[in-house]
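Asker: Structure provided below as structure tokens; questions to follow.
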Amino acid sequence: MQTCPHRDDRETEIGAEIEELHDYRKERSRLINKIVLSMAVLRLLSGSIEIIAALLMLRYNQIEKALMVNTGLAMVGPFVLLTTTTLGLVGLADKLSVGKMLWVLVGVSCIFIGILRK
């Protein structure tokens with residue numbers, strides 16, 4: 075039985091293309107994992123700050139000082155929200171259309187207006 079020489083070349087090309095696709099997927103998953111890790115670390119840091127603030131409130135045991143600590147937390151919360159949202163949007167930038175990206179930004183803006191308005 076005789077094989078076609080072009081078939082071997084084509085199989086080699088297909089194998090190379092499949093390997094390129096696997097490399098692309100590995101690289102892409104590394105990027106997403108780094109973004110998710112960064113988001114999680116920011117949230118862990120934020121949670122740690124919240125716990126430390128609660129312990130400080132209990133330690134001082136004074137309403138005035140507890141209010142001061144709480145005010146400091148009000149500054150940290152929006153910053154963490156904005157940073158984690160930005161990281162998430164960077165990770166999704168190639169998957170979302172411009173219209174959907176604008177809707178997300180409008181939603182985040184509404185959250186900030188609601189938080190910061192007195």
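So the working numbering is basically just the index in the sequence shown, starting at one, shifted up by 74. Backbone N, C-alpha and C fix where the C-beta goes; we use that ideal spot for every residue, glycine too. Keep in mind that this is a model prediction, so the values were computed, not measured.
(1) Hey, how far is the Cα of V172 from the Cα of G162?
(2) Could you give the residue range of the alpha helix (DSSP H) that holds N135?
(3) I'd like to know whether the C-beta atoms of T159 and V182 end up nearer to each other than 8 Å.
(4) Put D168 into one of helix, strand or coil per three-state DSSP.
(5) Roughly how many angstroms lie between the CA atoms of A167 and M175, to the nearest whole one?
(6) Near L132, which residues of its chain fall below 6 Å by C-beta distance, leaving aside the five closest residues on each side in sequence?
(7) Report yes or no: do the stretch 92 to 99 and the stretch 128 to 146 share at least 3 C-beta pairs separated by less than 8 Å?
(8) How big is the Cα-Cα spacing for K169 and G89?
(9) Taking a contact to mean a Cβ-Cβ separation below 8 Å, would you say I189 touches P152 in this structure?
(10) With H, G and I counted as helix, E and B as strand and the rest as coil, what does DSSP make of R99?
Answerer: The answer reads as follows:
(1) Numbered from its first residue, the sequence shown carries residue 172 at position 98. Numbered from its first residue, the sequence shown carries residue 162 at position 88. Cα-Cα distance, rounded: 15 Å.
(2) As a first step, residue 135 is located in the sequence shown; it is residue number 61 there, counting from the start. Where N135 is concerned, there is no enclosing alpha helix (DSSP H), given that its DSSP letter is neither H nor E.
(3) Locating residue 159 in the sequence shown gives position 85, where the first residue counts as 1. Locating residue 182 in the sequence shown gives position 108, where the first residue counts as 1. Contact: yes.
(4) Along the sequence shown, read from residue 1 onward, the residue named residue 168 stands at position 94. DSSP places D168 in coil when its eight states are reduced to three.
(5) As a working mapping, residue 167 is identified with position 93 in the sequence shown. As a working mapping, residue 175 is identified with position 101 in the sequence shown. One alpha carbon belongs to A167, the other to M175, and they sit about 8 Å apart.
(6) Numbered from its first residue, the sequence shown carries residue 132 at position 58. So the list is empty, once near-sequence residues are dropped.
(7) no
(8) To locate residue 169, count along the sequence shown from 1; it is residue 95. To locate residue 89, count along the sequence shown from 1; it is residue 15. Each residue's alpha carbon lies about 27 Å from the other.
(9) Here residue 189 is taken as the residue at index 115 of the sequence shown, counted from 1. Here residue 152 is taken as the residue at index 78 of the sequence shown, counted from 1. Closer than 8 Å, so yes.
(10) The residue you call residue 99 lines up with position 25 of the sequence shown. R99 falls in the helix class under three-state DSSP.
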